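K.L.:
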Amino acid sequence: MADIPTHLKYASSHEWVSLEGDTATVGISDHAQEELTELVFIELPDLGRELTAGDPCAVVESVKTASDIYTPLSGEIIDTNDALDTAPGTVNNDPYGDGWFFKIRLTNPEELDNLLSPDDYAEQVNI
Amino acid sequence: MDMKETQLKRTPLFNTHNELDARMVEFGGWEMPVLYSSIAQEHHAVRQAAGLFDISHMGEFLFGGPDALKFLNQLLTNDLAKLEPGQGQYTLLCQDNGGVIDDLYAYRLSDTHYLLIVNASRLEIDWMWIKAQRNSRHKSLQLEMSNPSDDLAAMALQGPKAAEIIAGVFPTAAELRKNQIAELEFAGATAWVSRTGYTGEDGFELVVPNGRAAALWEDLMSLGQALGLLPAGLGARDTLRTEAGYSLYGHELTSDTTPIEAALGWAVALDKPCFNGREMLAAQKEDGVSRRCIAFKMTGKSAPPREQYKIFSADGTSREIGEVTSGTQSPSLGCGIGLGYVEHAHAKYGTGIEIEIRNRRFPAQVFRRPIFQKSS
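As you go down the protein sequences, you meet chains B and R in turn.
Residue 5 is where the first sequence starts when you use our numbering, and the numbers rise one by one after that.
Residue 3 is where the second sequence starts when you use our numbering, and the numbers rise one by one after that.
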């Protein structure tokens with residue numbers, strides 16, 4: 005059973021969001037890392053990149069396949085988790101902690117209302 | 003669950019996979035385990051100890067009679083006449099234009115009996131082609147042929163501990179040499195055991211009637227447990243065969259590629275006077291081919307190469323010279339590896355090439371097969 009922390013918000017494309025002021029930290033859910041299997045390579049967005057909600061902005065690669073990761077919110081990338089460069093498996097081991105992907109400064113905070121609550125996300129992944 | 007999924011075929015080991023909590027995927031019309039624990043863990047088990055694969059989806063064709071050898075040698079590229087009873091060889095089934103219909107293993111079971119083991123995804127096409135050949139060009143030959151694939155299960159026990167494990171069920175199997183096959187007995191039924199595989203490791207492939215599959219799997223697993231044997235899925239099977247540089251039908255081999263282009267000329271016996279595709283293959287051998295299948299390794303830090311990524315020259319002209327047909331992260335080497343086709347001039351070992359990954363190019367080098375080999 006995948007872990008779905010109750011203090012986060014979720015996108016239906018399996019990213020999680022944690023909000024601090026006008027900045028959101030984004031990663032992928034425990035369910036997503038389980039489905040992807042062990043990650044061997046992660047490509048993160050460039051700093052300063054301006055994104056619109058739903059843009060593909062990172063790539064995760066397991067042994068078998070490459071998958072896009074989307075930003076759930078619009079804004080500018082202000083930090084990325086460079087430690088994933090040498091230790092992509094951190095996402096499998098600690099998806100909600102050290103396995104975070106990037107921080108984005110929001111340009112359209114109202115988009116937060118489009119995200120799923122933990123309960124709604126739980127319902128989605130249990131189908 | 004969608005319609006397609008409900009129509010997938012299941013092997014006699016389906017319940018076994020479920021009990022092991024395997025992740026199942028579609029492959030060649032079958033519902034097969036892609037992994038049980040983790041692809042990397044299963045991969046390492048095969049390289050260091052042993053792994054057990056369900057390969058029941060593969061097809062088995064039997065041929066017998068005074069003209070069986072003559073018939074098969076007209077269809078297959080390798081020379082079956084070179085086999086003693088109890089030996090097998092890698093071979094290919096080609097169209098008249100040299101395009102590959104399938105790659106397979108052919109075994110001589112006795113003086114006049116032969117067994118072919120073919121790919122699941124090609125089984126129906128192979129069988130139709132073989133029947134059509136029999137009923138047109140080879141009508142007068144005396145032979146019987148049958149396709150008992152639906153009644154037979156198969157598994158592959160692979161890895162350095164495979165011989166030690168198999169001896170617990172088939173004491174004589176460990177004496178088989180590479181490519182040899184023996185007709186043995188398991189729980190009162192016939193079992194074919196060959197010293198072959200698709201991983202680049204020592205190992206065995208076993209064919210038994212469907213009803214004996216689960217018991218044989220259990221026996222091998224319990225014998226191997228203490229030696230580090232793990233059940234292994236199609237994910238590890240793919241990374242292992244890619245490291246070994248083995249072709250996979252639908253990737254390196256298609257009806258638009260020939261064995262010469264695929265660097266499988268060693269399995270084409272041009273000294274045979276006549277077989278399907280001979281004319282084209284002899285001409286390619288003589289005149290050379292414009293493109294050739296290569297194995298390569300990424301030489302810098304990059305994402306793993308994947309099928310259909312473009313290959314560029316690294317000689318300063320930066321020209322597109324080919325395409326990746328199989329690519330993965332090598333669990334043994336910790337870097338990206340792959341197979342692909344390039345223009346012939348770039349196919350030499352050691353040649354630098356570039357792989358385009360998401361619009362950026364990364365350096366790689368043409369490598370001798372196997373891409374990975376244990377130093378021992």
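No residue lacks a Cβ here, since even glycine has one placed at the ideal position from N, Cα and C.
The model shown is predicted, which means the values in this text are computed figures rather than measured ones.
1) Tell me, please, which residues DSSP counts as bridged to R/LYS141.
2) Could you check where the beta strand (DSSP E) with R/LYS376 kicks off and where it finishes?
3) Can you list, in chain order, the residues of the region 339-371 of chain R whose Cβ is nearer than 8 Å to any Cβ on chain B?
4) When the cut-off is 8 Å and only beta carbons count, does B/PHE106 lie next to chain R?
5) Compare the Cα-Cα distances from R/LEU106 to each of R/CYS96, R/SER112, R/GLY100 and report the closest residue.
6) Going along chain R, which residues have a C-beta under 7 Å from B/GLU19?
7) Using only alpha-carbon positions, find the residue among R/ILE357, R/LEU37, R/PRO162, R/GLU177 that is nearest to R/GLY413.
8) Check whether the Cβ atoms of R/PRO35 and R/ALA215 sit closer than 8 Å, and answer yes or no.
9) Whole angstroms are fine: how far does the CA of R/LEU255 sit from the CA of R/GLY237?
10) Going along chain B in order, which residues have a C-beta closer than 9 Å to the C-beta of R/SER40?
11) The beta strand (DSSP E) with B/VAL21 in it runs from where to where?
12) According to a CB-to-CB cut-off of less than 9 Å, which residues of the region 289-301 of chain R neighbour chain B?
13) So what's B/PHE105 in DSSP terms, helix, strand or just coil?
14) Who does R/SER196 pair with in a DSSP beta bridge?
15) Closer than 8 Å by C-beta to B/LEU120: which residues in its own chain qualify, once you throw out the five before and the five after it? Chain order, please.
16) On a Cα-Cα basis, can you pick out the residue from R/LYS287, R/ASN181, R/THR201 that is closest to R/GLN160?
17) If we cut at 8 Å on Cβ distances, does B/VAL63 have a partner in chain R?
18) Return the bridge partner residues of B/GLY79 from the DSSP annotation.
19) Please list the partners that R/ALA305 has in chain B, where partner means a Cβ-to-Cβ separation under 8 Å.
20) Closer than 8 Å, CB to CB, is R/THR330 near chain B or not?
21) With a threshold of 7 Å on Cβ separation, who are the neighbours of R/SER304 within its own chain once the five nearest residues in sequence on each side are excluded?
22) Any chance the region 339-351 of chain R sits against the region 233-249 of chain R, with 3 or more Cβ pairs inside 8 Å?
23) Examine chain B for any beta-carbon lying closer than 8 Å to the beta-carbon of R/THR327, and answer yes or no.
24) Taking a cut of 7 Å between CB atoms, which residues from the region 229-249 of chain R lie near chain B?
25) Considering just the uninterrupted stretch of the alpha helix (DSSP H) at B/PRO122, what are its terminal residues?
26) Throw me the rounded Cβ distance for the R/LEU143 and R/PHE73 pair, which I believe falls under 8 Å.
27) I need the straight-line Cα distance from R/ILE127 to R/LEU266, nearest angstrom please.
28) Whole-angstrom Cβ separation of R/ASP69 and R/ASN75, contact assumed at under 8 Å?
29) Indicate whether at least one CB of chain B lies closer than 8 Å to the CB of R/ARG280.
30) Any idea if R/GLU1 is buried or exposed, counting beta-carbon neighbours within 10 angstroms, 16 or more meaning buried?
31) Which same chain residues, not among the five before or five after R/GLU7, have their C-beta less than 6 Å away from its C-beta?
32) Excluding the 5 residues flanking B/GLU19 on each side, which residues of the same chain have their C-beta closer than 6 Å to its C-beta?
33) Measuring CA to CA, which of R/GLY226, R/SER138, R/VAL209, R/GLY190 is closest to R/GLY170?
34) Measuring only the C-alpha atoms, how far is R/HIS140 from B/ALA62?
35) Give a yes or no on whether the minimum CB-CB distance between R/PRO35 and chain B is below 8 Å.
36) Report the rounded CA-to-CA distance for B/SER28 versus R/THR319, giving the unit in angstroms.
P.N.:
In brief:
1) For the purposes of this step, residue 141 of chain R is identified with residue 139 of the second sequence, where counting begins at 1. Looking at the DSSP assignment, R/LYS141 forms no beta bridge with any residue, so it has no partner.
2) If you number the second sequence from 1, residue 376 of chain R lands on position 374. Looking at the DSSP string, R/LYS376 is not in any beta strand (DSSP E), and its letter there is neither H nor E.
3) Using a CB distance below 8 Å, the part of the region 339-371 of chain R facing chain B consists of ARG360, ordered along the chain.
4) Counting from 1 along the first sequence, the entry for residue 106 of chain B is found at position 102. Closer than 8 Å: no.
5) Within the second sequence, the letter at position 104 stands for residue 106 of chain R. Of R/CYS96, R/SER112, R/GLY100, the residue nearest in Cα terms is R/CYS96.
6) Walking along the first sequence from the start, residue 19 of chain B turns up at place 15. Going along chain R, no residue has its Cβ under 7 Å from B/GLU19, so there is no contact; the nearest lies around 19 Å.
7) One cannot answer for residue 413 of chain R here, as it falls past the ends of chain R, which runs 3 to 378.
8) Position 33 of the second sequence, counted from the first residue, corresponds to residue 35 of chain R. Position 213 of the second sequence, counted from the first residue, corresponds to residue 215 of chain R. Result no, Cβ atoms of R/PRO35 and R/ALA215 do not sit closer than 8 Å.
9) In the second sequence, residue 237 of chain R corresponds to position 235, counting from 1. In the second sequence, residue 255 of chain R corresponds to position 253, counting from 1. R/GLY237 and R/LEU255 have their C-alpha atoms spaced approximately 19 Å apart.
10) Along the second sequence, read from residue 1 onward, the residue named residue 40 of chain R stands at position 38. Correct list: THR41, GLU42, VAL67.
11) In the first sequence, residue 21 of chain B corresponds to position 17, counting from 1. From DSSP, the beta strand (DSSP E) with B/VAL21 extends over 19-24.
12) none
13) Residue 105 of chain B sits at position 101 when you count from the first residue of the first sequence. Three-state DSSP puts B/PHE105 in coil, outside helix and strand.
14) Residue numbering aside, residue 196 of chain R sits at position 194 when the second sequence is read from its first letter. In the DSSP assignment, R/SER196 is bridged to R/ILE183, R/GLU207.
15) Position 116 of the first sequence, counting from 1, holds the residue named residue 120 of chain B. For B/LEU120, where only same-chain residues beyond five positions count, the Cβ hits under 8 Å are LYS13, TYR14, ALA15, SER16, GLN128.
16) Taking the second sequence and counting its residues from 1, the one referred to as residue 160 of chain R is at position 158. Considering only alpha carbons, the answer is R/THR201.
17) In the first sequence, counting from the first residue as 1, residue 63 of chain B sits at position 59. Using a Cβ-Cβ cut-off of 8 Å, B/VAL63 counts as an interface residue toward chain R, since at least one Cβ of chain R sits closer than that to its own.
18) Position 75 of the first sequence, counted from the start, is the residue given in the question as residue 79 of chain B. DSSP, once it has assigned bridges, lists B/LEU55, B/LEU110 as partnering B/GLY79.
19) Walking along the second sequence from the start, residue 305 of chain R turns up at place 303. Simply PHE45, GLU47, VAL63, GLU65, ALA70.
20) Position 328 of the second sequence, counting from 1, holds the residue named residue 330 of chain R. It does: the Cβ of R/THR330 has a partner Cβ on chain B nearer than 8 Å.
21) Taking the second sequence and counting its residues from 1, one reaches residue 304 of chain R at position 302. Once the five neighbours on either side are set aside, the close Cβ partners of R/SER304 are GLY338, ILE359, PHE364.
22) yes
23) What you label residue 327 of chain R is simply residue 325 of the second sequence in a count that begins at 1. Taking Cβ atoms only, chain B never reaches closer than 8 Å to R/THR327, which makes this a no.
24) GLY237, THR241
25) The residue labelled residue 122 of chain B in the question sits at position 118 within the first sequence. Here the alpha helix (DSSP H) through B/PRO122 covers 122-130.
26) Taking the second sequence and counting its residues from 1, one reaches residue 143 of chain R at position 141. Taking the second sequence and counting its residues from 1, one reaches residue 73 of chain R at position 71. Contact flag correct, Cβ pair sits at about 5 Å.
27) For the purposes of this step, residue 127 of chain R is identified with residue 125 of the second sequence, where counting begins at 1. For the purposes of this step, residue 266 of chain R is identified with residue 264 of the second sequence, where counting begins at 1. Taking the straight line from one Cα to the other gives about 21 Å.
28) Along the second sequence, one-based indexing puts residue 69 of chain R at 67. Along the second sequence, one-based indexing puts residue 75 of chain R at 73. About 10 Å; that fails the 8 Å criterion.
29) As a position in the second sequence, residue 280 of chain R is number 278, starting the count at 1. By this cut-off, R/ARG280 is not an interface position.
30) The displayed coordinates of chain R run from 3 to 378. Any statement about residue 1 of chain R would go beyond what the structure contains.
31) Stepping through the second sequence from its first residue, residue 7 of chain R is reached at position 5. Its pLDDT being 49, under 50, R/GLU7 is placed unreliably by the model, and the measurement read from it follows with that caveat. Excluding residues within five positions, none has a Cβ falling inside 6 Å.
32) Along the first sequence, read from residue 1 onward, the residue named residue 19 of chain B stands at position 15. Contacts found: VAL30, ILE32, PRO76.
33) Within the second sequence, the letter at position 168 stands for residue 170 of chain R. Ranking the options by Cα distance to R/GLY170, first place goes to R/GLY226.
34) As a position in the second sequence, residue 140 of chain R is number 138, starting the count at 1. As a position in the first sequence, residue 62 of chain B is number 58, starting the count at 1. Straight-line spacing of the CA atoms in R/HIS140 and B/ALA62 works out to 58 Å.
35) Along the second sequence, one-based indexing puts residue 35 of chain R at 33. The beta-carbon of R/PRO35 is placed no less than 8 Å from the nearest beta-carbon of chain B.
36) Working through the first sequence from its first residue, we reach residue 28 of chain B at position 24. Working through the second sequence from its first residue, we reach residue 319 of chain R at position 317. What sits at residue 28 of chain B in the sequence shown is Ala, not Ser. About 44 Å.
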